[in-house]
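S.K.:
Residue numbers (this note's numbering): 3 to 285.
Okay, structure coming up:
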């Protein structure tokens with residue numbers, strides 16, 4: 003595995019490589035786990051020169067405390083990437099990515115998809131995501147981009163950005179199914195901040211996702227959402243941003259379940275001071 007910290011060095015290296023092989027790209031914020039490695043393996047499985055970035059992007063955090071607490075495990079990340087034979091790691095400094103400071107703002111027009119759910123509770127978050135993904139895409143210039151379904155709305159936002167801003171340089175987005183522990187908990191870097199008790203209680207999210215899915219035909223949407231919230235609060239969660247049953251293509255709320263309409267269930271809630279998100283596609 004080749005490691006780069008400078009943009010110019012990486013671009014020079016890739017300019018030669020892309021003549022012979024298409025490039026797959028996996029952007030991450032580090033604190034890697036098996037979910038990230040699964041994305042890497044998916045890229046490599048398609049015979050792509052695989053580039054992984056590790057960069058904790060300040061412009062997508064609404065809470066500075068959350069940013070400061072985000073785990074930094076670069077040495078372990080390097081070991082994990084080397085173990086799966088990743089081709090390239092890009093781990094730039096903040097100054098390398100934002101030489102003019104974090105005040106630099108570029109506004110992305112991606113429709114309404116960034117205004118609902120996560121967008122409501124984390125205003126400006128998705129514009130920060132687009133800002134860093136755009137920067138990274140212009141550096142790596144990949145043919146294929148790999149992201150996880152756990153960040154369902156984020157993948158929709160990035161897809162919209164690609165459609166609106168990358169028509170002349172198309173990048174194919176691959177959304178890879180969420181990797182879970184044997185108990186069902188979605189793998190997440192934030193799980194590392196949970197106590198053992200909170201981690202056990204956090205299983206209530208996946209429990210309620212599957213419960214909603216199993217009862218869509220015989221309970222009202224409102225009763226399902228209310229029932230899920232009550233269950234989470236009884237199982238150690240202290241605050242719930244949303245339990246939502248939505249159209250999987252638009253994230254518009256569903257009022258009556260229709261099997262013919264692709265549907266997704268999404269939850270965002272706090273436990274042990276950590277905000278967790280998860281989702282489940284229904285059909």
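In this text, a Cβ means the ideal position worked out from N, Cα and C, and glycines have one as well.
Note that the coordinates shown come from a computational prediction; the quantities given were computed from them, not determined experimentally.
Over what stretch of residues does the beta strand (DSSP E) that includes residue 150 continue unbroken?
M.R.: Where residue 150 is concerned, the enclosing beta strand (DSSP E) stretches over 146-150.
S.K.: Would you report the Cα separation of residue 198 and residue 183, rounded to the nearest angstrom?
M.R.: About 14 angstroms.
S.K.: Does the stretch 107-123 touch the stretch 23-36, meaning 3 or more C-beta pairs lie closer than 8 angstroms?
M.R.: The answer is no - the stretch 107-123 does not touch the stretch 23-36, with fewer than three Cβ pairs under 8 angstroms.
S.K.: Would residue 84 be called buried (16 or more neighbouring beta carbons within 10 Å of its own) or exposed?
M.R.: With fewer than 16 other Cβ atoms within 10 Å, it is exposed.
S.K.: Determine the DSSP secondary structure at residue 261, reduced to helix, strand or coil.
M.R.: Three-state DSSP puts residue 261 in coil, outside helix and strand.
S.K.: Which two residues bound the contiguous beta strand (DSSP E) that contains residue 244?
M.R.: Residue 244 -> beta strand (DSSP E) spans 239-249.
S.K.: What are the boundary residues of the alpha helix (DSSP H) that residue 130 is part of?
M.R.: First-last of the alpha helix (DSSP H) with residue 130: 127-142.
S.K.: For residue 234, which beta-bridge partners are listed by DSSP?
M.R.: DSSP lists no partner for residue 234.
S.K.: Short of 8 angstroms in beta carbon distance, which residues of its chain neighbour residue 163, apart from the five on each side in sequence? Order them along the chain.
M.R.: For residue 163, where only same-chain residues beyond five positions count, the Cβ hits under 8 angstroms are 110, 112, 132, 135, 136.
S.K.: Roughly how many angstroms separate the alpha carbons of residue 253 and residue 156, rounded to a whole number?
M.R.: Using only the alpha carbons, I get a separation of about 12 angstroms.
S.K.: Does the separation of the CB atoms of residue 99 and residue 57 fall below 8 angstroms?
M.R.: Result yes, Cβ atoms of residue 99 and residue 57 sit closer than 8 angstroms.
S.K.: Are the beta-carbon atoms belonging to residue 200 and residue 238 less than 8 angstroms from one another?
M.R.: Result yes, Cβ atoms of residue 200 and residue 238 sit closer than 8 angstroms.
S.K.: Are the stretch 247-262 and the stretch 179-193 touching, with three or more C-beta to C-beta distances below 8 angstroms?
M.R.: At 8 angstroms Cβ cutoff, the stretches do not touch.
S.K.: Between residue 273 and residue 256, what straight-line distance do the alpha-carbon atoms span, to the nearest angstrom?
M.R.: Approximately 27 angstroms between the Cα atoms of the pair.
S.K.: Give the single residue among 139, 151, 196 whose Cα lies nearest to the Cα of residue 173.
M.R.: When each option's Cα is compared against that of residue 173, the closest is 139.
S.K.: My parser needs the beta strand (DSSP E) runs of 3 or more residues fully inside the stretch 56-140; what are they?
M.R.: Qualifying beta strand (DSSP E) stretches, in chain order: 90-92.
S.K.: Taking 8 angstroms as the limit between beta carbons, can you name the residues of its chain near residue 70, skipping five residues before and five after?
M.R.: If we look at residue 70 and ignore the five residues flanking it on each side, it has no Cβ neighbours.
S.K.: Name the residue from 223, 258, 248, 180 whose alpha carbon lies nearest to the alpha carbon of residue 280.
M.R.: Out of 223, 258, 248, 180, 180 has the C-alpha closest to the C-alpha of residue 280.
S.K.: Rank 88, 211, 103, 10 by C-alpha distance to the C-alpha of residue 51 and give the top, closest one.
M.R.: Of the candidates 88, 211, 103, 10, the one whose C-alpha sits nearest the C-alpha of residue 51 is 88.
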